[in-house]
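Chemist:
In our numbering, the protein residues as written are 1 to 402.
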């Protein structure tokens, strides 16, 4: 029993460290976005596109890595993706223009998707629905160390060196993660359970997911919830640094409040998911985010001040791990035979929503917090409506029958 717990702890730590790569590639360079804009002589919206390009690549990559993981196995896909991530990080560090950086960030996101998809599928291979949600909560808790430290570390690297050092450090972290995967992660998908990779089978699997109304609604709801958080990631550095006078070095401390809330909500989820169930915890997470969305609208309209904005954002972002992990638990419990494909479609919708919202926000003038706040409120409202649609009486049965 103790050996099993030790093995699970080691797995959670390694997967948590591996899952840090994705938030590192976002959060670590957030404080440098205004500096990058000035160095390349472009607008803030142009630099925001580097973030949208990363998330778009991440979304597209998940369409391919899921079926690949179901066909080739989990370990080869996650190892190859992590190595390409390291190369893309080095290419970002050597970019000579914002256009080059946008292109390399797309490749960065495309490769980062491998770890995200395979971690979900690998853990679904090993655990039941409620246990999956519980263990995934711990993986995401380990992962939260990245957004806690990343903006502060990125700000420090920018001050000590330049913004290029941020991307070099990402490349180094990816090489370490690749070594951990090679040495300590075992293959969890036996050859007899693998699905032959061809376009017809893949299209059929995706069609099955689209037709399952409850599962597809959960995917979209999770996507809109994430898009609300991405509204902050896209606009937050400019709202905090340029509109409210926060220094790039101190931006990380305000960002850390989001992670504190995330840790609290993740622990709350892990302690209650067995009793309430994954669907119940998903509902609670959406409800808290909706309340925070209303609070942000009220705080911005009434001019309650910067701290009211910071706390509202922290409350919203803090629920994202709980919403995502429970949505994935429900989705993959209905499709255990193609967990990789289900994870890939869910991830594509989630990060595709973020990329779309980020691209739209980059077109708006960053003269106030309203674009960010309005987008967050809209996204969580859409997520809530989708959840209500998925929860209508008879919806689950009808979805399964279809």
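Even glycine gets a Cβ: it sits at the ideal position worked out from N, Cα and C.
Using three-state DSSP, classify residue 364 as helix, strand or coil.
Modeler: The residue you call residue 364 lines up with position 364 of the chain shown. Coil at residue 364, not helix or strand.
Chemist: If you check the beta carbons only, do residue 335 and residue 215 fall under 9 angstroms apart?
Modeler: For this step, residue 335 is matched to residue 335 along the chain shown. For this step, residue 215 is matched to residue 215 along the chain shown. A contact, by the Cβ cut-off of 9 angstroms.
Chemist: CB-CB under 6 angstroms to residue 343, same chain, minus the five flanking residues each way: which ones, in chain order?
Modeler: Position 343 of the chain shown holds residue 343. Excluding positions up to five away in sequence, the list reads 66, 117, 120, 121.
Chemist: Which value, in whole angstroms, describes the spacing of the CA atoms of residue 386 and residue 226?
Modeler: One-based indexing of the chain shown puts residue 386 at position 386. One-based indexing of the chain shown puts residue 226 at position 226. Going by the C-alpha atoms only, they are around 14 angstroms apart.
Chemist: At which residue ranges does the region 318-388 contain complete alpha helix (DSSP H) runs of 4 or more residues, listed in the order of the chain?
Modeler: Scanning the region 318-388 from its first residue to its last, the whole alpha helix (DSSP H) runs of 4-plus residues come out as 320-334, 339-362.
Chemist: Should residue 85 and residue 21 be called a contact, given that it needs their Cβ atoms to be closer than 9 angstroms?
Modeler: Here the question's residue 85 lines up with position 85 in the chain shown. Here the question's residue 21 lines up with position 21 in the chain shown. Cβ distance < 9 angstroms, so residue 85 and residue 21 count as in contact.
Chemist: Just list the alpha helix (DSSP H) runs in the region 22-100, keeping only unbroken ones of 4 residues or longer that don't cross its boundaries, in chain order.
Modeler: 33-40, 44-72, 74-93
Chemist: What's the C-alpha gap between residue 34 and residue 70?
Modeler: To locate residue 34, count along the chain shown from 1; it is residue 34. To locate residue 70, count along the chain shown from 1; it is residue 70. The straight-line gap from Cα to Cα measures roughly 41 angstroms.
Chemist: What would DSSP say about residue 391, mapped onto helix, strand or coil?
Modeler: Translated into positions along the chain shown, residue 391 becomes position 391. In this structure, residue 391 counts as coil in the three-state DSSP scheme.
Chemist: Consult DSSP for residue 246 and reduce its assignment to one of helix, strand or coil.
Modeler: Within the chain shown, numbered from 1, the residue matching residue 246 stands at position 246. DSSP places residue 246 in coil when its eight states are reduced to three.
Chemist: For the candidate residues 219, 379, 139, whose alpha-carbon lies nearest to that of residue 390?
Modeler: As a working note, residue 390 is residue 390 in the chain shown. The option with the nearest alpha carbon to residue 390 is 219.
Chemist: Only counting the same chain, and skipping five residues up and downstream in sequence, which positions put a Cβ closer than 8 angstroms to that of residue 403?
Modeler: The structure shown does not extend to residue 403, since the chain spans only 1 to 402, so no value can be given for it.
Chemist: What does the Cβ neighbour count give for residue 203, buried or exposed, with the cut at 16 atoms within 10 Å?
Modeler: Here residue 203 corresponds to residue number 203 of the chain shown, with the count starting at 1. In this structure residue 203 is exposed. Its beta-carbon is surrounded by fewer than 16 other beta-carbon atoms within 10 angstroms.
Chemist: Buried or exposed: where does residue 96 fall if 16 or more other Cβ atoms within 10 Å of its Cβ makes it buried?
Modeler: Taking the first residue of the chain shown as 1, we reach residue 96 at position 96. The residue in question, residue 96, is exposed, as its Cβ has fewer than 16 Cβ neighbours within 10 Å.
Chemist: With DSSP collapsed to three states, give me the class of residue 1.
Modeler: As a working note, residue 1 is residue 1 in the chain shown. Confidence in residue 1 is poor, its pLDDT being 48 and thus under 50, which makes the residue's placement too unreliable to answer from.
Chemist: Per DSSP, what kind of secondary structure is residue 186 in: helix, strand or coil?
Modeler: Position 186 of the chain shown, counted from the start, is the residue given in the question as residue 186. Coil, per DSSP.
Chemist: Go ahead and label residue 380 buried or exposed: buried means 16 or more other beta carbons lie within 10 angstroms of its beta carbon, across all protein chains shown.
Modeler: Numbered from 1 along the chain shown, position 380 holds the residue referred to as residue 380. Burial is judged here by how many other beta carbons sit within 10 angstroms of a residue's own beta carbon; residue 380 has at least 16 and is buried.
Chemist: Span of the alpha helix (DSSP H) holding residue 240?
Modeler: Numbered from 1 along the chain shown, position 240 holds the residue referred to as residue 240. Residue 240 -> no alpha helix (DSSP H), and no H or E assigned at all.
Chemist: When we look at the beta-carbon of residue 16 and count the other beta-carbons within 10 Å, is it buried (16 or more) or exposed?
Modeler: Reading the chain shown from its first residue, position 16 is the one you call residue 16. When all chains shown are included, residue 16 counts as buried.
Chemist: What distance in whole Å lies between the Cβ atoms of residue 18 and residue 181, which are believed to be in contact at a cut-off of 8 angstroms?
Modeler: Residue mapping note: residue 181 aligns to position 181 of the chain shown, counting from 1. Residue mapping note: residue 18 aligns to position 18 of the chain shown, counting from 1. About 7 angstroms; that satisfies the 8 angstroms criterion.
Chemist: Distance, Cα to Cα, residue 370 vs residue 384?
Modeler: As a position in the chain shown, residue 370 is number 370, starting the count at 1. As a position in the chain shown, residue 384 is number 384, starting the count at 1. If I take the Cα positions, the gap works out to 21 angstroms.
Chemist: Can you look up residue 295 in the DSSP assignment and give me helix, strand or coil?
Modeler: Counted from its first residue, the chain shown places residue 295 at position 295. Residue 295: helix per DSSP, three-state reduction.
Chemist: For residue 167, tell me which candidate among 26, 337, 365 has the shortest Cα-Cα distance.
Modeler: Taking the chain shown and counting its residues from 1, the one referred to as residue 167 is at position 167. When the alpha-carbon of residue 167 is set against those of 26, 337, 365, the nearest one is in 26.
Chemist: If you follow the alpha helix (DSSP H) that residue 209 is in, where does it begin and where does it stop?
Modeler: Counting from one through the chain shown, the residue named residue 209 turns up at place 209. Run containing residue 209: 199-211, per the alpha helix (DSSP H) assignment.
Chemist: According to the Cβ coordinates, are residue 81 and residue 61 closer than 9 angstroms?
Modeler: Stepping through the chain shown from its first residue, residue 81 is reached at position 81. Stepping through the chain shown from its first residue, residue 61 is reached at position 61. Yes; because the gap between Cβ atoms is below 9 angstroms, this pair is in contact.
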